[in-house]
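Notes to accompany the following structure.
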Amino acid sequence: MTTTDLPTDARTVVAVSERLVLSRPQEGDAEAMFAIHGDPETNRYNLDGPQRDLGAAREQLAGFIADWPRDGVGYCMVATREEPGVVIGVAGLFLHSLDGEPVFNLYYRFRPSAWGKGYAAEACRAAMAEALPRFPGIPVTALIRADNLPSRRLAERLGLVPDPDGRVDQEDRLIHRMA
């Protein structure tokens, strides 16, 4: 059994949607993280480019894991209900500060084989439906490069709109906010 083929009962399930299972990240997810975040295609709009090695994936994963006990919310590993042990993406909400205001950052990144199936939107909706009632008043934002049109379209389908003043974060990403 590989790390991406773990049975669902070994995972902490956060949300289940019509087609997807969202679970808390765990130490055994490093290879799945690297498969997603190390893929050049999934990082086309990432200024840092794809992760270079499994060590970088482990470091990122450690941060994702630490968010859950600290904040009670975080990014999730996403699998289909048909293959619940195979991670196809990462999606969810990260609690942080933007211009001194507590906000959620909405994040989604999927293997190219999962693109075009509506999984990212479905996973984001499931993550928001699980988290937002527990954190009333915390706005949802997404930080997206201006040239990343697929991600911007998805954010808009989810109800996020670009800042009307064209504000960007320190990495020059457009700030989208739940309308």
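The sequence shown maps to residues 144 to 322 in our numbering.
Where is the CB? At the ideal position from N, CA and C, for every residue including glycine.
Unbroken beta strand (DSSP E) runs of length 3 or more, entirely within the stretch 250-300: which are they? Within the stretch 250-300, the complete beta strand (DSSP E) runs of at least 3 residues are 283-287.
Let me know if V304 comes out buried or exposed under the rule of 16 or more other beta-carbons within 10 Å of its beta-carbon. The residue in question, V304, is exposed, as its Cβ has fewer than 16 Cβ neighbours within 10 Å.
Distance CB(G324)-CB(A257) smaller than 9 Å: It is not possible to answer for residue 324, since the shown part of the chain is limited to 144 through 322.
What three-state label does DSSP hand A173 in the structure shown? In the three-state reduction of the DSSP assignment, A173 falls in the helix class, which pools H, G and I.
On a Cα-Cα basis, can you pick out the residue from G261, A263, L249, L275 that is closest to I318? It is L249 whose Cα lies nearest to the Cα of I318.
Would you report the Cα separation of S294 and G302, rounded to the nearest angstrom? Roughly 13 Å between the two C-alpha positions.
Could you tell me the boundaries of the alpha helix (DSSP H) in which G198 lies? Note, G198: alpha helix (DSSP H), 197-214.
Since I believe D196 is in contact with F128 (beta carbons under 8 Å), could you give me their beta-carbon distance rounded to a whole number of angstroms? A question about residue 128 goes unanswered here, because the residues of the chain that appear run from 144 up to 322.
Using only alpha-carbon positions, find the residue among D214, R224, G198 that is nearest to L275. Checking every option, the nearest Cα to that of L275 belongs to D214.
DSSP three-state call for N186: helix, strand or coil? Note: N186 maps to helix in three-state DSSP.
Sheet register partners of E325 (DSSP bridge): The displayed coordinates of the chain run from 144 to 322. Any statement about residue 325 would go beyond what the structure contains.
Go through its chain and collect everything with a Cβ distance to M321's Cβ below 7 Å, but skip five positions before and after it. P282, V283, G302, L303.
First and last residue of the uninterrupted beta strand (DSSP E) at Q223: This sequence places Thr at residue 223; Gln is not what is there. Taken as a continuous stretch (DSSP letters only), the beta strand (DSSP E) holding T223 covers 218-223.
Using a threshold of 9 Å, state whether the C-beta atoms of L241 and D312 are closer than that. Cβ distance < 9 Å, so L241 and D312 count as in contact.
Quick one: using the 10 Å Cβ neighbour count with 16 as the cut-off for buried, is L165 buried or exposed? Classification of L165: buried, given that the 10 Å Cβ count is 16 or more.
Using the rule of at least 16 other Cβ atoms within 10 Å of the residue's Cβ for burial, across every protein chain shown, is L149 buried or exposed? With a pLDDT of only 41 at L149, under the threshold of 50, the placement of this residue in the model should not be trusted, and no figure is reported.
What did DSSP end up calling A234 once you bin it into helix, strand or coil? Three-state result, A234: strand.
Roughly how many angstroms lie between the CA atoms of P245 and E273, to the nearest whole one? Going by the C-alpha atoms only, they are around 18 Å apart.
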